[in-house]
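Participant:
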Amino acid sequence: MGYPLDLEHICAIWLYCGKSCNVEFSKDQINFKHSKWIWLDWCLHNAVRTLCFHERREEAEMELYCGLKDVRLDNAKKEIKGGNFISHVSTSADIHVARIYRSDQGCILHFHPSMRRAINIYSCDVSWISPFGSEYEILFARSFVFGSEADHIQRKAWNAEIEEENEHTQTILLTSAEYNHFIERSIHVSAILDYTVDLNVIYVILNYGRIDDNGTTNVLFEFQEWKHQKDNLIKYEEKRKQFMESRCCNHHLNLFCIFLSETNLFGMKKTDIQLAIMFTVTFGLPFVEKDKKTWLKKR
Numbered sequence: 002m003g004y005p006l007d008l009e010h011i012c013a014i015w016l017y018c019g020k021s022c023n024v025e026f027s028k029d030q031i032n033f034k035h036s037k038w039i040w041l042d043w044c045l046h047n048a049v050r051t052l053c054f055h056e057r058r059e060e061a062e063m064e065l066y067c068g069l070k071d072v073r074l075d076n077a078k079k080e081i082k083g084g085n086f087i088s089h090v091s092t093s094a095d096i097h098v099a100r101i102y103r104s105d106q107g108c109i110l111h112f113h114p115s116m117r118r119a120i121n122i123y124s125c126d127v128s129w130i131s132p133f134g135s136e137y138e139i140l141f142a143r144s145f146v147f148g149s150e151a152d153h154i155q156r157k158a159w160n161a162e163i164e165e166e167n168e169h170t171q172t173i174l175l176t177s178a179e180y181n182h183f184i185e186r187s188i189h190v191s192a193i194l195d196y197t198v199d200l201n202v203i204y205v206i207l208n209y210g211r212i213d214d215n216g217t218t219n220v221l222f223e224f225q226e227w228k229h230q231k232d233n234l235i236k237y238e239e240k241r242k243q244f245m246e247s248r249c250c251n252h253h254l255n256l257f258c259i260f261l262s263e264t265n266l267f268g269m270k271k272t273d274i275q276l277a278i279m280f281t282v283t284f285g286l287p288f289v290e291k292d293k294k295t296w297l298k299k300r
């Protein structure tokens, strides 16, 4: 990664993670008093954004958690209208840490991996500077959205729904807008092919091909025929190292990008590796392997 941060960025993260001013800073942000801490807010946002672009977020598969004391929502979708963060949010990969912050009663925000992968949600690992490094702290930046309330809602980066609750704890699942928009259709197409196709391959066809479910299924049948030709699998093995060095970590999608480049199916004049970088690194893939099981269990 090198040294992408300036001194003011490092100081902002250090103040947020390790100093008592964090309590008042966070309280004022929740109460929309952003102007009171304008420089800390701005430097912290830029620090998170800078690290976000340097981290290998495309590999993120961890669930993250944030505990909120004495907070309970009656209707998550109604009370969290915009799907944007009004303050910086600290999360941990350890749910026990979130339970400590929740105390006896409260709420736990459960962050799906798509929240780390999304292009319009800035987050970064701050465990390298935090005095609580063992908590594996991931910091999500406050959202900066300009324009009318309608624009604010239209540009929302994530969705929230109550995952489970009892008299003491309410768990709210946060998923990226891309995940929420495409999960049901992706599962539907996956079911047609007996759940043998990677969900992110289906997502790429639906999103970038802009075709319906039947058209997507036809593309996948064509891809399956192409894939089972021996020479095509050899092609990928020969280029596998290049893909991995370019941060393209999904082998199923990498192979599909070779198919896409050869057939020019979407009319994108890019090489296979350029396509894989665009889908995987630049814009992000919303799904992880266990999403199939989780979705089927819910239904």
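For the sequence shown, position 249 matches number 250 in our numbering, and the numbering has no gaps at all.
Virtual Cβ for every residue (Gly too), placed ideally from N, Cα, C.
1) Contact check, residue 214 vs residue 248 under 8 Å by CB: the rounded distance?
2) With DSSP as the reference, label residue 207 as helix, strand or coil.
3) Looking at residue 204 and residue 222, is the spacing between their C-beta atoms short of 7 Å?
4) In chain order, what residues of the same chain have a beta carbon less than 6 Å from the beta carbon of residue 14, not counting five sequence neighbours either side?
5) Quick test of your reading: residue 52 and residue 111, contact by CB under 8 Å. State the CB separation rounded to the nearest angstrom.
6) Can you tell me the Cβ-Cβ gap for residue 292 and residue 200, rounded? I've got them flagged as a contact below 8 Å.
7) Please go through the same chain and pick out, in chain order, the residues whose beta-carbon is closer than 6 Å to the beta-carbon of residue 180, but skip the five residues on each side of it.
8) Specify whether the stretch 62-69 and the stretch 88-101 touch according to this definition: at least 3 beta carbon pairs, one from each stretch, less than 8 Å apart.
9) Determine contact between the stretch 52-64 and the stretch 19-39, defined as no fewer than three beta-carbon pairs at a distance below 8 Å.
10) Work out the CA separation of residue 178 and residue 90 for me, nearest whole Å.
11) Using a 10 Å radius around the Cβ and a threshold of 16 neighbouring Cβ atoms, would you call residue 264 buried or exposed?
12) Between which two residues does the beta strand (DSSP E) containing residue 54 stretch?
13) Can you name the start and end residues of the alpha helix (DSSP H) that residue 17 belongs to?
14) Starting from residue 217, trace the alpha helix (DSSP H) both ways and give me its first and last residue.
15) May I have the straight-line CA-CA distance separating residue 255 from residue 277, to the nearest angstrom?
16) In terms of residues, what are the limits of the beta strand (DSSP E) holding residue 70?
17) Going straight from the alpha carbon of residue 104 to that of residue 169, what length do you get?
18) Measuring only the C-alpha atoms, how far is residue 143 from residue 137?
Facilitator: Reading off the structure:
1) Separation of the CB atoms of residue 214 and residue 248 is rounded to 30 Å, and the pair is thereby denied contact status at 8 Å.
2) Helix.
3) Contact check for residue 222 against residue 204 fails: the beta carbons are separated by 7 Å or more.
4) Excluding residues within five positions, the ones whose Cβ falls inside 6 Å are 48, 127, 130.
5) The distance from the Cβ of residue 52 to that of residue 111 is about 23 Å, inconsistent with a contact at the 8 Å cut-off.
6) That pair is a contact at about 6 Å.
7) The beta carbon of residue 180 lies closer than 6 Å to those of 115, 287 in the same chain, with the five residues before and after it left out.
8) Yes, the stretch 62-69 is in contact with the stretch 88-101.
9) Not touching, per the Cβ criterion.
10) Distance between the alpha carbons of residue 90 and residue 178: 18 Å.
11) It counts as exposed.
12) It is not in any beta strand (DSSP E) - residue 54 instead sits in the alpha helix (DSSP H) that spans 39-55.
13) DSSP places residue 17 inside the alpha helix (DSSP H), whose first and last residues are 8-19.
14) For residue 217, the enclosing alpha helix (DSSP H) has its first and last residue at 214-228.
15) If I take the Cα positions, the gap works out to 6 Å.
16) 65-70 is the span of the beta strand (DSSP E), which, as asked, contains residue 70.
17) So the two alpha carbons sit approximately 10 Å from each other.
18) Inter-residue distance for residue 143 and residue 137 is about 19 Å (C-alpha atoms, whole angstroms).
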